[in-house]
Every structure is written in C-alpha cells, then in structure tokens.
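**Q** In terms of the numbering used here, the numbers along the sequence shown are unbroken and rise by one, the last being 548.
Ideal placement from N, C-alpha and C gives every residue a C-beta, glycine not left out.
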Amino acid sequence: MQSTPAPAGRRRIRPGLVIDLLSVVAATAPFLVVGIYFLVTADHVLGGDQALLALDTYDVLHLNQSVGPYSRMGWAHPGPAWFVLLAPLYWLFGSTGEALIASSMFVHGLFAALVVLAAGTGRRWQRPLAAAVVLLYVLRMPAIEFVNLWNPFALLLPVLLLLVVAARACAGSIPAFAATLAVASFVLQTHVGTAPLVGLVGLTTVVALGIRLRRSGLGWTPRARLRAGIAAAVAVLMWVPPLWQQLTAPAGRGNLGMLAEYLRYGGGEEGSHTWREAISAVGRLLGSPVYGWHTLPEVMDTTLLTPAVIAAVAGQLLGGIGVAVVAWRRGAELPAWLGTVAAVGTVAALASARAVTGPMHNYLVLWITVLPAVLLFAGVSLLADLLPRPSAASRTRAAAAAAAVAVALSVGVGFSLHRSASTQMYDHPGAADATAMVLGALPAPEGDDARVLLDIREAAAWSTATSVALRLEQEGYRVTVSEKWVYGFGSDRATVRDEKWRVSFVPGDPEELADPENEPLAGQLGVVSGVNGPEIVVVQERARR
4 MQSTPAPAGR RRIRPGLVID LLSVVAATAP FLVVGIYFLV TADHVLGGDQ ALLALDTYDV
64 LHLNQSVGPY SRMGWAHPGP AWFVLLAPLY WLFGSTGEAL IASSMFVHGL FAALVVLAAG
124 TGRRWQRPLA AAVVLLYVLR MPAIEFVNLW NPFALLLPVL LLLVVAARAC AGSIPAFAAT
184 LAVASFVLQT HVGTAPLVGL VGLTTVVALG IRLRRSGLGW TPRARLRAGI AAAVAVLMWV
244 PPLWQQLTAP AGRGNLGMLA EYLRYGGGEE GSHTWREAIS AVGRLLGSPV YGWHTLPEVM
304 DTTLLTPAVI AAVAGQLLGG IGVAVVAWRR GAELPAWLGT VAAVGTVAAL ASARAVTGPM
364 HNYLVLWITV LPAVLLFAGV SLLADLLPRP SAASRTRAAA AAAAVAVALS VGVGFSLHRS
424 ASTQMYDHPG AADATAMVLG ALPAPEGDDA RVLLDIREAA AWSTATSVAL RLEQEGYRVT
484 VSEKWVYGFG SDRATVRDEK WRVSFVPGDP EELADPENEP LAGQLGVVSG VNGPEIVVVQ
544 ERARR
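Structure representation (structure tokens):
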C-alpha cells in the first residue's frame, strides 16, 4: 500500500522545530503563569527596596534614570539595564505593585527562553536539555528568589545565559561573542559584584575567539554579521546612560567615579576577605541546598573550612576542567567550552567572594549558585556525544523525551513559584493608609506645591516612607530627601532646601515627636502600623528661606 502524498503547498511540520518550541515554552511558562497570577489576583503595595526599584523603573519611563540599583555602600550599581527591561511591561500592566512583580517574572521568563535558544541547534537534544537544566536550577533555588524583587535575584538566569553564550563564542560564533558583550553588560550593570566573572569570562572568550580567527578567519554569513552587529550595538548603547551621568553629574557625584574610587581603596576600613574565607563562602553556595538554605540576606559563617565545603569547590573546578579535557579529546567542542567557562567561573567566584567588603552576606555572591547548572549542562552534553551515533528517528525520540522531562519540570517549577507567590510575599502594613493621609493633606502638585521633602527620621520608617514617595512621584510631585538618604534615592533627589512641603515619618509614640529644625508642624495626620511598629505621619508647610 502506498502512502498518500501530502497535498501540494502544505508544508510538513519539522519535529525539531516542534521540540524547540516546546522547550522554550516549558522554560518560560512557569514565570509567565505566575506573573499573570499576580496581575489577576494580587493587590500588592510596594515598600522599602521594592518601592525604590519601582521608582527607578518609573524614572526610566521619563528618561531620568542613568544608573542601576542603589548599594548600601553609598553608590549605585553601574547601569539601568534591568530597569529598562522592566519599564515597558511595568507601564503596560498599570504601574502598580503587582505590575512590577509581574514584569519581573516576565523578564525571568525572557532570560529562561534566551538560555534555551542560546544552547544552539548542533544537536537536536541541546535545547530540550538546556530547558531541563534551567528548570532544575530554578527548582534547586528557593522560589522566593525568583518571585521577590531584588537585583541579586534578577542576576541569576542572566549569569547562566552569559556562560552559555560565552561558550558558544569560544566555539567560534561571532554573533555569540557580540551577545556575550551585551549580556555581560547587563550582568555588570545590575550588580558590580559580578566584575570578576565578567572580566575573566570575557578575557577567556576574547583569547579563544582570537586564536580561532587567526587560524581560520571569519567565514560568517551576512545573517550572522547582522546579528552580531545588532548585539554589539546594544552593548554599546547600554553604556551611554551611565557615561552621560558621569560626565554631567556635579563634582564628586559621578556614579562611575564613585565606584572606581570604592574599588580602588577596597571598601575603606571594612576591608576584604581572605582566600580561606572566600573558599568557605563559595563552597557553601555551591553545595546548597545540600549544605542547607537560610534566609536572605544572611551573613555566612566563613570561619570554618569543612571537608564538604572544600569538596564542593574542588568538585566544581576539577569537574569543569575534566569535562573540558575529555570533550577536547573526543572533539566535542561545545561541551569542552562549557566545561571551560564553568571552571573559569569558579575562579571568578573565589575572586568575587574575596573582594566582598564587610560581612559576607550570601546575596552579594548569590550568582555563584548558577555554576553547577553550567557544569551539569556540560557533563550531560558530553555524555550524549560519547554515546554511539543513533539514527535520525532515535535522535528525534531522545529529543522528544528530553522535552517531555522539561515539560514535567515546568509543572513542578510552576507549583513552586505559585506557592511562594501566594504565601511568602511580605506586605507593607500601613503604607496604603499613610499614602492616603499624605495625598489628602497636600494640595495639587502645581508650581511650588509640587516640591516635597521626605523626612525619614529613622530607618525603622524606611518601608512606609519609600512607599509614599513612589506614589507621590506617580501623582506628579517631586520628592527630595536629606543627605542621609541620598544613597537610596539617588543624587538627583537630594534636597535643595527650598521645598514647600515636608512629609515626616517618625517611628514611635506621638508624644516623642521632636522637630530638629524647631519649625512649627502643620499637625499630626495620624498613626499607621509600620513594619517595625507604629509610625507617626506628619505634613508640614515649611518656612521659606
């Protein structure tokens, strides 16, 4: 019996394309579903660091954000790349608290998809395997780290993407090299603590690609040239805002200059850590969750160097080298470079941990947890290459099985993220009440009435005050703060001392309220329940000088 031919003009669906699409969907679906869940069901009030991140994202929409998230050290991280990705989604979803969290989830999904696509098409199983690795990594980590808003959490999947595209670039892909520049810029702008990783991986990529090009030349297609040009242009444009801020800022306020001074003097009196302490910190993060998860942020005890910690570091470093050596001997190029960047990343992790100043908070080097995922991808890829070459049908079945595993993992990740989103997201009590009080007391934001000085008497009132500041800016007011709080709000919101209105937040009993400038208060609006207890909210019309 002869098979009936397909009707003329109908294209046959390629199994490889279906498997690739299924892999991308599996990797991104959990993040998209949880993001939509927030949009549909949540009513989340942002406060504290989350409110400042929303304020920075809001500033991007008004072309007024040139630096990255603030640091406790008094400067901001190098650039606004993360905010630029969040901003259009934040605006599209309504610029609310739940909108920013949903935007963050969608950005996680974007990077998950990019990791899968960056795995390449050299083998039919590469993209399903990449999707499975991404999802296994997400399952390994506490779900709150992907649901919560914080730049150390926003780094995790981009670092994984950086190492994958760097391996592709080392294997001779010029577009992957240009993509490495763009992703490395994103990672560095979002957290300066990744500088050793960006530097060492970038150097490895440049040397490997340079040797390859010297031997065999470019040999790239017009399509590859276009993709490389776009990625390189993106990388260059990403550095325009921070460079502009450095050139136009008042003396001593240029953020890149402040960063350079900080790095030059090693954090001043706090100092960095020893290599022994760095090994302890890296081993603990590489060994998690076997070694145990703790709350974030937490100061790690780096005084003890246990055999388990040493084994975690040695296993990661030697594992990467071992995979690279075996893969080179077998002619498996991508696994070889994946193993190489996994080993280089381990060296960078030790350098990053040693460079931390002050207490060794785990969030400062949380990106280190990505490295075992890269090693796993390299090892399984090598194992697949070592197996006898199967038939085309067998390769399709193996890829389909890998895609099915990715889908199953996707369901598990979705449940994990949803549970965290519905039970672990902390709220900011009193912030909504304080905002309503302040907006009811202030006149419309017109002329001098639009300038408001935010008076945060103590750090205990930080959460409520930042929440109110975000809403005031969204309503058209211009918020400024005293020098004490400039590190969080940015130098462009430093007080100019001619604000007409002052909004004060004072933790404690109303009778303890004291005005440091001896100016009469307009009156107490009320007391709200803050994160750390009762807070007094006061609006004052300031005496003009």
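Any chance you could list the alpha helix (DSSP H) runs of at least 4 consecutive residues sitting entirely within the region 223-252, in chain order?
**A** For the region 223-252, whole alpha helix (DSSP H) runs of length 4 or above, ordered along the chain, are 225-241 and 243-251.
**Q** To which residues of the same chain is asparagine 521 closer than 7 Å at the C-beta, ignoring the five residues directly before and after it?
**A** Sequence index remark: in the sequence shown, residue 521 carries index 518 (1-based). Confidence at asparagine 521 is low in this model, with a pLDDT of 44, below 50, so its placement is unreliable and no value can be given for it.
**Q** Counting only the same chain and skipping the five closest in sequence on each side, list residues whose C-beta sits under 7 Å from that of leucine 164.
**A** One-based indexing of the sequence shown puts residue 164 at position 161. The residues are Phe114, Leu117, Val118, Ala121 and Val186.
**Q** 8 Å is my cut-off, CB to CB: does valine 329 come that close to chain C?
**A** Among the protein chains of the structure shown there is no chain C, as only one such chain exists.
**Q** Could you tell me the alpha carbon to alpha carbon distance between alanine 182 and serine 107, rounded to whole angstroms?
**A** The count along the sequence shown starts at 1 and reaches residue 182 at position 179. The count along the sequence shown starts at 1 and reaches residue 107 at position 104. Each residue's alpha carbon lies about 21 Å from the other.
**Q** Give the secondary structure of proline 519 by DSSP, where H, G and I count as helix, E and B as strand, and everything else as coil.
**A** Reading the sequence shown from its first residue, position 516 is the one you call residue 519. Low per-residue confidence applies at proline 519: pLDDT is 49, beneath 50, and the placement is therefore not dependable enough to give any value.
**Q** Output needed for alanine 435: all residues of its chain with C-beta closer than 7 Å, excluding positions within five of it in sequence on either side, in chain order.
**A** In the sequence shown, residue 435 corresponds to position 432, counting from 1. Val48.
**Q** Between glycine 533 and threonine 467, how many whole angstroms is the CB-CB distance? I'm expecting something under 8 Å.
**A** Here residue 533 refers to the residue found at position 530 of the sequence shown. Here residue 467 refers to the residue found at position 464 of the sequence shown. Their Cβ separation, rounded to whole angstroms, is 5 Å, which keeps glycine 533 and threonine 467 in contact under 8 Å.
**Q** Would you identify the three-state DSSP class for threonine 483, choosing helix, strand or coil?
**A** In the sequence shown, the residue the question calls residue 483 occupies position 480. Looking at threonine 483 - three-state DSSP - the assignment turns out to be strand.
**Q** Could you pull out every unbroken alpha helix (DSSP H) segment of at least 4 residues lying fully inside the region 137-174, listed in chain order?
**A** Counting whole runs of 4 or more residues, the region 137-174 contains the alpha helix (DSSP H) stretches 147-150, 154-157 and 159-173.
**Q** What is the residue span of the beta strand (DSSP E) that valine 540 lies within?
**A** As a first step, residue 540 is located in the sequence shown; it is residue number 537 there, counting from the start. From DSSP, the beta strand (DSSP E) with valine 540 extends over 536-544.
**Q** Given a cut-off of 8 Å, decide if isoleucine 22 and alanine 406 are closer than it, judged by their beta-carbon atoms.
**A** Position 403 of the sequence shown, counting from 1, holds the residue named residue 406. Position 19 of the sequence shown, counting from 1, holds the residue named residue 22. For alanine 406 and isoleucine 22, yes; Cβs fall inside 8 Å.
**Q** In whole angstroms, what separates the C-alpha of histidine 363 from that of valine 141?
**A** For the purposes of this step, residue 363 is identified with residue 360 of the sequence shown, where counting begins at 1. For the purposes of this step, residue 141 is identified with residue 138 of the sequence shown, where counting begins at 1. Residue identity differs from the one stated: residue 363 is methionine in this sequence, not histidine. Methionine 363 and valine 141: Cα-Cα distance of roughly 23 Å.
**Q** Do three or more CB pairs link the region 498-506 to the region 469-489 at distances below 8 Å?
**A** A contact exists between the region 498-506 and the region 469-489.
**Q** List the DSSP bridge partners of leucine 66.
**A** Taking the sequence shown and counting its residues from 1, one reaches residue 66 at position 63. DSSP output for leucine 66 lists no bridge partner at all.
**Q** Use the C-beta contact count for serine 219: other C-beta atoms within 10 angstroms, 16 or more gives buried, fewer gives exposed.
**A** Within the sequence shown, the letter at position 216 stands for residue 219. Looking at its Cβ environment, which holds fewer than 16 other Cβ atoms inside 10 Å, serine 219 is exposed.
**Q** Mapping the DSSP letters down to three states, classify glycine 77 as helix, strand or coil.
**A** Walking along the sequence shown from the start, residue 77 turns up at place 74. Here glycine 77 sits in coil by DSSP.
**Q** Which partner residues of arginine 496 appear in the DSSP bridge assignment?
**A** As a working note, residue 496 is residue 493 in the sequence shown. Arginine 496 is not bridged to any residue.
**Q** From the DSSP output, in three-state form, read off valine 48 for me.
**A** For the purposes of this step, residue 48 is taken as residue 45 along the sequence shown, with counting starting at 1. Valine 48: coil per DSSP, three-state reduction.
**Q** Going by DSSP in three states, arginine 215 sits in which element: helix, strand or coil?
**A** Locating residue 215 in the sequence shown gives position 212, where the first residue counts as 1. Helix at arginine 215.
**Q** I'd like to know whether the C-beta atoms of arginine 357 and alanine 263 end up nearer to each other than 8 Å.
**A** Counting from 1 along the sequence shown, the entry for residue 357 is found at position 354. Counting from 1 along the sequence shown, the entry for residue 263 is found at position 260. Contact flag unset, no.
**Q** Can you give me the C-alpha to C-alpha distance between leucine 92 and alanine 135, rounded to a whole angstrom?
**A** For the purposes of this step, residue 92 is taken as residue 89 along the sequence shown, with counting starting at 1. For the purposes of this step, residue 135 is taken as residue 132 along the sequence shown, with counting starting at 1. Going by the C-alpha atoms only, they are around 27 Å apart.
**Q** Report the three-state DSSP secondary structure of proline 310 (helix, strand or coil).
**A** What you label residue 310 is simply residue 307 of the sequence shown in a count that begins at 1. In the structure shown, proline 310 sits in a helix (DSSP, three-state: H, G or I).
**Q** If I measure Cβ to Cβ from arginine 505 and keep anything under 6 Å in the same chain, skipping five residues before and after, which residues do I get?
**A** Sequence index remark: in the sequence shown, residue 505 carries index 502 (1-based). Within the same chain, arginine 505 has close Cβ partners Leu456, Asp458, Gln543 and Arg545.
**Q** May I ask you to verify whether the region 312-325 touches the region 343-358, counting CB pairs closer than 8 Å and requiring at least 3?
**A** Yes, the region 312-325 touches the region 343-358.
**Q** Which word fits leucine 386, buried or exposed, when buried means at least 16 other C-beta atoms lie within 10 angstroms of its C-beta?
**A** Along the sequence shown, read from residue 1 onward, the residue named residue 386 stands at position 383. Leucine 386 comes out exposed.
**Q** Leucine 20: buried (16+ other C-beta within 10 angstroms of its C-beta) or exposed?
**A** If you number the sequence shown from 1, residue 20 lands on position 17. Under this definition leucine 20 is an exposed residue.
**Q** Taking glycine 257 and glutamine 248 to be in contact with their CB atoms under 8 Å, please state how far apart those CB atoms are, rounded to whole angstroms.
**A** Walking along the sequence shown from the start, residue 257 turns up at place 254. Walking along the sequence shown from the start, residue 248 turns up at place 245. About 7 Å separates the two Cβ atoms, so the contact holds.
**Q** Out of Met144, Lys503 and Leu473, which has the shortest C-alpha to C-alpha gap to aspartate 451?
**A** The residue labelled residue 451 in the question sits at position 448 within the sequence shown. Cα-wise, what sits closest to aspartate 451 is Lys503.
**Q** Judging by CA-CA distance, which residue of Pro83, Leu475, Leu159 and Gly443 is the nearest neighbour of arginine 454?
**A** Taking the first residue of the sequence shown as position 1, residue 454 is located at position 451. The option with the nearest alpha carbon to arginine 454 is Leu475.
**Q** Going straight from the alpha carbon of leucine 206 to that of phenylalanine 96, what length do you get?
**A** Residue numbering aside, residue 206 sits at position 203 when the sequence shown is read from its first letter. Residue numbering aside, residue 96 sits at position 93 when the sequence shown is read from its first letter. Spanning the two alpha carbons is a distance of roughly 40 Å.
**Q** Measuring alpha carbon to alpha carbon, tell me which of Pro225, Ser188, Glu538 and Val210 ends up nearest valine 344.
**A** In the sequence shown, residue 344 corresponds to position 341, counting from 1. Closest by alpha carbon: Val210.
**Q** Under 8 Å: do the region 54-66 and the region 437-449 share three or more Cβ pairs, one atom per stretch?
**A** No, the region 54-66 does not touch the region 437-449.
**Q** Could you tell me whether the Cβ atoms of valine 37 and histidine 421 are closer together than 8 Å?
**A** Working through the sequence shown from its first residue, we reach residue 37 at position 34. Working through the sequence shown from its first residue, we reach residue 421 at position 418. Yes.
**Q** In the DSSP assignment, what are the bridge partners of phenylalanine 508?
**A** As a working mapping, residue 508 is identified with position 505 in the sequence shown. Phenylalanine 508 is bridged to Ile459 and Val540.
**Q** What do you get for alanine 480, buried or exposed, if any count of 16 or more other CB atoms within 10 angstroms of its CB means buried?
**A** Reading the sequence shown from its first residue, position 477 is the one you call residue 480. Per the sequence presented here, residue 480 reads as tyrosine, with alanine not at that position. Tyrosine 480 should be labelled buried.
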